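S.K.: Note that UniProt numbering gives residue 34 to position 34 of the sequence shown, counting from 1, and the numbers run on in steps of one. The beta-carbon is built from N, C-alpha and C at its ideal position, and this holds for glycine as well. Just so we're clear, the structure is a prediction, and the values are computed from it rather than from any experiment. My structure is below; once you've seen it, I'll send some questions.
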Amino acid sequence: MLSHAHIPNEFWAEAVNTSVYVRNRSPTKALNGITPYECLFEKKPDVSNLRVFGCVTYVHIPDNQRKKLDAKSRKSIFMGYPEGVKGYKLYDPVSRKFLGSRDVIFLEKKFHDFDVQTSSNFDDRTDDDILIMIEETPVDANQNQDEIANHRVAENAEGNQQANDQRVGATFEETFMNKVRNVGERRMRRPPKRFDEECYLANDSRY
Numbered sequence: 001m002l003s004h005a006h007i008p009n010e011f012w013a014e015a016v017n018t019s020v021y022v023r024n025r026s027p028t029k030a031l032n033g034i035t036p037y038e039c040l041f042e043k044k045p046d047v048s049n050l051r052v053f054g055c056v057t058y059v060h061i062p063d064n065q066r067k068k069l070d071a072k073s074r075k076s077i078f079m080g081y082p083e084g085v086k087g088y089k090l091y092d093p094v095s096r097k098f099l100g101s102r103d104v105i106f107l108e109k110k111f112h113d114f115d116v117q118t119s120s121n122f123d124d125r126t127d128d129d130i131l132i133m134i135e136e137t138p139v140d141a142n143q144n145q146d147e148i149a150n151h152r153v154a155e156n157a158e159g160n161q162q163a164n165d166q167r168v169g170a171t172f173e174e175t176f177m178n179k180v181r182n183v184g185e186r187r188m189r190r191p192p193k194r195f196d197e198e199c200y201l202a203n204d205s206r207y
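Structure below.
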């Protein structure tokens, strides 16, 4: 499992736990074709939540945990199933922490590339800080996919703009002046005619 997902050996515990979770919900000849879960609990297990171990995921960030301009989803790696709670166990390669959520989009054919720095600087983990639960909010999967795609397009556009600025060697002042020139002439603003200066003359006419 670790080799297939290109995951460092430091995550062997997550691989073992996921393997046991799947084996307990798989039929076996030793139990006459039923699953160990069914033999123990006398009901068939729900396997609709099974996913490819180590695949790339995008977890939805609730509104109360992000600012207005922050991304609405976070890239993470599927690391199994948390014990005692519903949802998925995920790993954030940026913060190097585990988190749990049910609002997740899976890219089961895509895997994260762990660089040497991420693998070698892996922190020791304890049971107290191994999992951070994210509060779930109802979210449309199609809408979340559109938001992720729009976020990627915005990042690419911003990266291309920065690369162009570095390529031409433009300073901040030059870039600012170029933007100002493209604004165009501003329309002259005049006060309404009712505010014009007027002179009134009273004529006393006697007949």
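Note down, in chain order, each residue of its chain lying with its Cβ closer than 8 Å to the Cβ of Leu2, except the 5 sequence neighbours on either side.
M.R.: Walking along the sequence shown from the start, residue 2 turns up at place 2. Hits under 8 Å: Pro8, Asn9, Phe11, Trp12, Ala15 and Gly54.
S.K.: State the Cα-Cα distance for the pair Tyr88 and Asn32, rounded to the nearest angstrom.
M.R.: To locate residue 88, count along the sequence shown from 1; it is residue 88. To locate residue 32, count along the sequence shown from 1; it is residue 32. Their Cα atoms are separated by approximately 30 Å.
S.K.: Would you mind listing the alpha helix (DSSP H) stretches within the stretch 30-94 that are 4+ residues and don't spill past its ends, in chain order?
M.R.: Qualifying alpha helix (DSSP H) stretches, in chain order: 36-41.
S.K.: Any contact between the stretch 73-82 and the stretch 93-104? By contact I mean 3 or more CB pairs, one from each, below 8 Å.
M.R.: Enough Cβ pairs lie closer than 8 Å, so yes.
S.K.: Since Leu90 and Leu99 should fall inside the 8 Å C-beta cutoff, what is the C-beta to C-beta distance between them, to a whole number of angstroms?
M.R.: The residue you call residue 90 lines up with position 90 of the sequence shown. The residue you call residue 99 lines up with position 99 of the sequence shown. About 5 Å separates the two Cβ atoms, so the contact holds.
S.K.: Quick one: grab the DSSP three-state call for Ser26.
M.R.: Against the sequence shown, residue 26 aligns to sequence position 26. The answer is coil: DSSP assigns Ser26 none of H, G, I, E or B.
S.K.: Could you compute how far the alpha carbon of Val52 sits from the alpha carbon of Thr35?
M.R.: The residue labelled residue 52 in the question sits at position 52 within the sequence shown. The residue labelled residue 35 in the question sits at position 35 within the sequence shown. Taking the straight line joining both Cα atoms gives about 20 Å.
S.K.: What residue from His112, Arg189, Thr18 and Pro192 has the CA that sits closest to Glu83's CA?
M.R.: On the sequence shown, residue 83 is found 83 positions in, with the first residue counted as 1. If we check each option's Cα against that of Glu83, Thr18 comes out closest.
S.K.: Note the first and the last residue of the continuous beta strand (DSSP E) segment covering Ile105.
M.R.: Here residue 105 refers to the residue found at position 105 of the sequence shown. Element bounds for Ile105: Val104 to Phe111.
S.K.: If you draw a straight line from the C-alpha of Thr28 to the C-alpha of Val22, how long is it?
M.R.: Taking the first residue of the sequence shown as 1, we reach residue 28 at position 28. Taking the first residue of the sequence shown as 1, we reach residue 22 at position 22. In a straight line, the C-alpha of Thr28 is about 12 Å away from that of Val22.
S.K.: Could you tell me the alpha carbon to alpha carbon distance between Pro93 and Gln65, rounded to whole angstroms?
M.R.: Taking the sequence shown and counting its residues from 1, one reaches residue 93 at position 93. Taking the sequence shown and counting its residues from 1, one reaches residue 65 at position 65. One C-alpha to the other measures close to 19 Å.
S.K.: Answer yes or no: do Pro45 and Tyr37 have a C-beta to C-beta separation smaller than 7 Å?
M.R.: Translated into positions along the sequence shown, residue 45 becomes position 45. Translated into positions along the sequence shown, residue 37 becomes position 37. Yes, the Cβ-Cβ distance between Pro45 and Tyr37 is below 7 Å.
S.K.: Which class does Phe11 belong to by DSSP, given the choice of helix, strand or coil?
M.R.: To locate residue 11, count along the sequence shown from 1; it is residue 11. Note: Phe11 maps to helix in three-state DSSP.
S.K.: Would you mind sorting Val47 into buried or exposed? The rule is 16 or more other CB atoms within 10 Å of its CB.
M.R.: For the purposes of this step, residue 47 is taken as residue 47 along the sequence shown, with counting starting at 1. Burial call: exposed.
S.K.: Can you tell me which residues form a DSSP beta bridge with Lys97?
M.R.: On the sequence shown, position 97 is the one that residue 97 refers to. Lys97 is bridged to Asp92.
S.K.: Along the chain, where does the alpha helix (DSSP H) containing His6 start, and where does it finish?
M.R.: Position 6 of the sequence shown, counted from the first residue, corresponds to residue 6. Premise fails: His6 is in no alpha helix (DSSP H) and is neither H nor E.
S.K.: Sorted by chain position, which residues of the same chain lie with C-beta nearer than 7 Å to residue 257's C-beta, five sequence neighbours on each side aside?
M.R.: The question about residue 257 has no answer, for the chain in this structure spans 1 to 207.
S.K.: On the criterion of 16 or more Cβ atoms from any shown chain inside 10 Å, does Met188 qualify as buried, or is it exposed?
M.R.: Within the sequence shown, the letter at position 188 stands for residue 188. Under this definition Met188 is an exposed residue.
S.K.: Less than 7 Å separating the beta-carbons of Ile77 and His112?
M.R.: What you label residue 77 is simply residue 77 of the sequence shown in a count that begins at 1. What you label residue 112 is simply residue 112 of the sequence shown in a count that begins at 1. Yes, the Cβ-Cβ distance between Ile77 and His112 is below 7 Å.
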